[in-house]
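As structure tokens, the structure follows; a few thoughts come after it.
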Amino acid sequence: MADAVESHADLYKIIGSDVSASKEELKKSYRKALLKCYPDKVEESEREAALNEYLKLEAAWKILGDDDTRRQYDAESNERHVQQSVAVNEEVEVEDMDFDDDVAYYPCRCGGSYILQELDIKNDVIVPCDICSLHIKLIVPDHWNAPEASTEDVAPI
Ligand SMILES: [Zn+2]
Numbered sequence: 016m017a018d019a020v021e022s023h024a025d026l027y028k029i030i031g032s033d034v035s036a037s038k039e040e041l042k043k044s045y046r047k048a049l050l051k052c053y054p055d056k057v058e059e060s061e062r063e064a065a066l067n068e069y070l071k072l073e074a075a076w077k078i079l080g081d082d083d084t085r086r087q088y089d090a091e092s093n094e095r096h097v098q099q100s101v102a103v104n105e106e107v108e109v110e111d112m113d114f115d116d117d118v119a120y121y122p123c124r125c126g127g128s129y130i131l132q133e134l135d136i137k138n139d140v141i142v143p144c145d146i147c148s149l150h151i152k153l154i155v156p157d158h159w160n161a162p163e164a165s166t167e168d169v170a171p172i
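Using our numbering, count along the sequence shown one by one with no gaps and you end on 172.
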């Protein structure tokens, strides 16, 4: 039954294999894993756990053992993976940021701000919003120089 598998569980891990395995390799890993949870291979006290394992294995194999459902599963995991790693919602040119002293700001659509120390400004830097979970990626051209206004009054003490 499919619901024996947690929705986001890594089915390859359950089988003891990985996403790059060929169908044959996958089958071998599956059989090997299956042997480990045969009721007559485990202690009485571990039978329930073994049965659970067995059900998970069956469910995982049902998806990975078939080319079509495996492909679909791979595509969905890829998507999940991309969403989990930092999602860049927007690319922002450094020229479009507002500068206040040594800090650069860019407004987030949630009402918060992306805030970056001028020192940290470099190409491809990922900046989180200070309120929500959105991120921007900064685009900084090679020839870019920070606005000079901020340093005008700085005198040595
Ligand atoms: Zn935000």
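Where is the CB? At the ideal position from N, CA and C, for every residue including glycine.
Quick caveat, the model's predicted, so the values are computed rather than measured.
Excluding five sequence neighbours on each side, which residues of the same chain lie with their C-beta closer than 8 Å to the C-beta of residue i?
i    : result
T84  : K77 and I78
V118 : I130, L131, Q132 and E133
L50  : K56
A90  : none
S44  : I30, G31, S32 and A36
Grab me the residues of residue i's own chain with a C-beta within less than 6 Å of its C-beta, minus the 5 sequence neighbours each way, in chain order.
i    : result
P143 : H150
A161 : E133
W159 : V109
M16  : Confidence is the limiting factor: at M16 the pLDDT is only 41, short of 50, which leaves the residue's position unreliable, though a coordinate-based value still follows. Hits under 6 Å: none found.
Y13  : Residue 13 is absent from the model: the chain starts at 16 and stops at 172.
I154 : E106 and E108
A65  : C52 and V57
If I follow the unbroken alpha helix (DSSP H) through residue i, where does it start and stop?
i   : result
E45 : The sequence shown places Tyr at residue 45, rather than the Glu named in the question. Looking at the DSSP string, the run of the alpha helix (DSSP H) that includes Y45 is K38 to K51.
With DSSP run on the structure shown, which of helix, strand or coil describes residue i?
i    : result
N160 : coil
S60  : helix
D55  : helix
Counting only the same chain and skipping the five closest in sequence on each side, list residues whose C-beta sits under 7 Å from that of residue i.
i   : result
A48 : I30, G31 and L72
Hey, residue i and residue j are a contact pair by Cβ (cut 8 Å); roughly how many whole angstroms apart?
i    : j    : result
C52  : Y69  : 4 Å
Y121 : D135 : That belief does not hold up - the Cβ atoms of Y121 and D135 are roughly 13 Å apart, past 8 Å.
I141 : G127 : Contact doesn't hold; Cβ gap of about 16 Å is too wide.
Report the residue ranges of all alpha helix (DSSP H) runs contained in full by the region 74 to 154; include only those spanning at least 4 residues, in chain order.
-> Counting only runs of 4+ residues, the alpha helix (DSSP H) found wholly inside the region 74 to 154 occupies 82 to 99, in chain order.
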